[in-house]
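First residue of the sequence shown: -8, per the numbering used here; consecutive thereafter.
Here a beta-carbon is modelled for each residue, glycine too, at the ideal position from N, C-alpha and C.
Shown next, in structure tokens, is the structure this report addresses.
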Amino acid sequence: MLSGFVTLLLFTVIGEAISTLFNLPVPGAVTGLILLLIWLQIKGGASDNLQQVSQFCIHYMAVLFIPSAVAVFFMTDLLSRQWLPLMLATFVATPVGIVISGHFMQYLLRHRETSRSREQQS
């Protein structure tokens, strides 16, 4: 389990370094996740340790949102001034992101099936 945690931290640090070094407009954590995805695609999947750590993190993810949810109550002034961008982000960008993610997932699944069928023919 420790090796899975180290793997997640390693990709987070690498992503932060790349985002900082190249002054990317993407957070380092997102860059690290993209690199992790690429690595897992090349490797062919996650190890058991990485899966265990990932499930543990997902299980307790709701706890990580508590501070930001509480902070919203103290930002009523800002929320009242910025309501339009917030509503657009919530009701336009979220569905668009879901649709794009769904199409990308379908592409990856089709690509995996094509690769498997080629391997079986060989």
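Any idea if residue 47 is buried or exposed, counting beta-carbon neighbours within 10 angstroms, 16 or more meaning buried?
exposed
Relative to the alpha-carbon of residue -8, which residue among 109, 39, 108 has its alpha-carbon at the smallest distance?
39
For residue 38, the first and last residue of its enclosing alpha helix (DSSP H)
Unbroken run through residue 38: none, as it is neither H nor E.
With a Cβ-Cβ cutoff of 8 angstroms, do residue 26 and residue 2 count as a contact?
yes
Local conformation of residue 98 per DSSP, three classes
helix
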